[in-house]
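Colleague: Taken in order, the sequence shown gives residues 1 to 339; the numbers are from the working numbering.
Shown below is the structure under consideration.
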Amino acid sequence: MKCWLLLAFLIVSVTLACGRSATSTLPSGERATASRVATGVAVTRTSELTISVCLPLVLSSFPLSLGQVNDFLYQLQNLDLTAVGDSAYDLVVMDYSSDGSAAGEFSAAQIETLKHSPGGEKILLAYMSIGEAENYRFYWQDGWEPGNPAWLDEENPNWAGNYKVRYWDPDWQTIIFGYTDRLLDAGFDGVYLDIIDAYEYYAEQGRATAAQDMVNFVAAIRVHARARDSDFLIFPQNGPELADEIPAYLNSVDGIGQEDIYYGYEGDDQPTPPDITAELESYLDLFVGAGKLVLTVDYATTPAHVDDAYAKSQSKGYVPFVTVRGLDQLTVNPGHEPD
């Protein structure tokens, strides 16, 4: 019964998608007439033409599942929606705004168009930092400085305008829940959470519950988002060891992104030390074992390094992407084009 229902749905979808009817032009250029329809000739030829030409278009409009993702794009700056839409990448990690500001927010219509773009259906994850505050975001207020508000900590010396936050503070979490609402309003499929590893900083400062606090925060974001969208995806970036320290963490995420696993840990285009790679793989394998999607992000430009990163990642059942650390270009690596 299910098969017949699916077939009927496909036939209706094909007809609606292509606007075909029994009066469509035949392959020979003839018009279908009532007498020809009665004989079944026109219907047969038209159906064959419609299915062969339009069925791929209809099938391509079905939403992707995470299990179908075999390539992805990670680009936060200089995003050209048309170029990204024309690409065949299955999943895109992007900012919710063209320039990070509220004024540059992509509209729901733009996001919907990108999800169903000419290059194929796409899963869209919006980048959101939860372990640091960014002074160019909509929530930033004049007069803020470390200690004011109480949850705002010191500036990241490597990233100007980014500040450590006491992420367990209810006021900061309320800001992030509001940020998540913006992503839901725009129609994103999920969120890509950055600075998960902020817990390490606070653990070193003596906060014994730092790891559990971060796990609880991620779980709270999931609960908040799924109250509105039961399919909303949660992807943390880095900090995979949390799945080993606190196994329940795996229940709150749909996948993970890991940077520098093969190249970039000690410098761009530099091989990551084998012991670091092995340790990270051991944690990421916990995600694979739990049926989660693992995305790897390496920073390399030498062709041999790019090829090596793809080969190693894919051999582990991960989905790789190699690009520049600025995340400011639509990278398509020769020999590893999205399909």
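Cβ atoms here follow ideal geometry from the backbone N, Cα and C, with glycine treated the same way.
Near Gly239, which residues of its chain fall below 6 Å by C-beta distance, leaving aside the five closest residues on each side in sequence?
Modeller: Correct list, in chain order: Ile196 and Asp197.
Colleague: Report the rounded CA-to-CA distance for Phe138 versus Asp269, giving the unit in angstroms.
Modeller: When rounded, the distance between both Cα atoms is 34 Å.
Colleague: Determine the direct distance from the alpha carbon of Phe106 to that of Ala186, and round the result to whole angstroms.
Modeller: The alpha-carbon atoms of Ala186 and Phe106 are separated by roughly 7 Å.
Colleague: Give the DSSP-derived three-state secondary structure of Asp153 in the structure shown.
Modeller: Reduced to three states, the DSSP call for Asp153 is strand.
Colleague: Indicate the three-state DSSP secondary structure (helix, strand or coil) for Pro320 in the structure shown.
Modeller: Residue state, collapsed to three classes: strand.
Colleague: Can you give me the C-alpha to C-alpha distance between Ala243 and Gly255, rounded to a whole angstrom?
Modeller: When rounded, the distance between both Cα atoms is 11 Å.
Colleague: Please report the Cβ distance between Lys316 and Glu266, rounded to the nearest whole angstrom; I am assuming they are in contact, meaning their Cβ atoms lie under 8 Å.
Modeller: That belief does not hold up - the Cβ atoms of Lys316 and Glu266 are roughly 21 Å apart, past 8 Å.
Colleague: Using three-state DSSP, classify Asn148 as helix, strand or coil.
Modeller: Asn148 falls in the strand class under three-state DSSP.
Colleague: Determine the direct distance from the alpha carbon of Trp144 to that of Asp339, and round the result to whole angstroms.
Modeller: Distance between the alpha carbons of Asp339 and Trp144 is about 46 Å.
Colleague: Taking only three categories from DSSP, how would you classify Phe343?
Modeller: Only positions 1 to 339 of the chain appear in this structure, which leaves residue 343 out of reach.
Colleague: Candidates Gln68, Leu64, Gly67 and Phe72: which alpha carbon is nearest Glu337's?
Modeller: The shortest Cα separation from Glu337 among Gln68, Leu64, Gly67 and Phe72 belongs to Phe72.
Colleague: Among Ser97, Lys164, Tyr89 and Phe321, which residue has its Cα nearest to the Cα of Ile123?
Modeller: Among Ser97, Lys164, Tyr89 and Phe321, the Cα nearest to that of Ile123 belongs to Tyr89.
Colleague: For the alpha helix (DSSP H) holding Ala108, just list the boundary residues, first then last.
Modeller: From DSSP, the alpha helix (DSSP H) with Ala108 extends over Ala108 to Lys115.
Colleague: What would DSSP say about Leu280, mapped onto helix, strand or coil?
Modeller: Helix at Leu280.
Colleague: Considering only their Cβ atoms, is the gap separating Leu327 from Tyr74 smaller than 9 Å?
Modeller: It is a contact, given that the beta carbons lie within the stated cut-off.
Colleague: Where DSSP assigns a beta bridge to Ile123, which residues make up the other side?
Modeller: According to DSSP, which records beta bridges pairwise, Ile123 is partnered with Leu91.
Colleague: Do the stretch 244-254 and the stretch 218-235 touch if we need at least three Cβ pairs shorter than 8 Å?
Modeller: Touching, per the Cβ criterion.
Colleague: If I follow the unbroken beta strand (DSSP E) through Gly190, where does it start and stop?
Modeller: Gly190 to Asp194 is the extent of the beta strand (DSSP E) around Gly190.
Colleague: Assuming Thr180 contacts Val191 under a Cβ cut-off of 8 Å, what Cβ separation, rounded to an integer in Å, is found between them?
Modeller: Contact flag correct, Cβ pair sits at about 6 Å.
Colleague: Could you tell me whether the Cβ atoms of Ala150 and Trp140 are closer together than 9 Å?
Modeller: Result no, Cβ atoms of Ala150 and Trp140 do not sit closer than 9 Å.
Colleague: Name the residue from Gln212, Leu193, Pro247 and Thr272 whose alpha carbon lies nearest to the alpha carbon of Ile234.
Modeller: Nearest of Gln212, Leu193, Pro247 and Thr272 to Ile234, Cα basis: Leu193.
Colleague: Give me the Cα-Cα distance between Asp231 and Phe188, rounded to the nearest whole angstrom.
Modeller: Cα to Cα, Asp231 sits roughly 11 Å from Phe188.
Colleague: Nearest by alpha-carbon distance to Tyr201: which of Gln68, Leu114, Thr174 and Asp153 is it?
Modeller: Nearest of Gln68, Leu114, Thr174 and Asp153 to Tyr201, Cα basis: Asp153.
Colleague: Given that a residue counts as buried once 16 or more other Cβ atoms are within 10 Å of its Cβ, and exposed if not, what is His305?
Modeller: Under this definition His305 is a buried residue.
Colleague: Pull up the DSSP beta-bridge partners for Glu259, would you.
Modeller: The partner list for Glu259 (beta bridge, DSSP) reads Val297.
Colleague: Thinking C-alpha only, which one of Gly131, Leu66 and Thr277 is nearest Met214?
Modeller: Checked all of Gly131, Leu66 and Thr277; the closest Cα to Met214 is Gly131.
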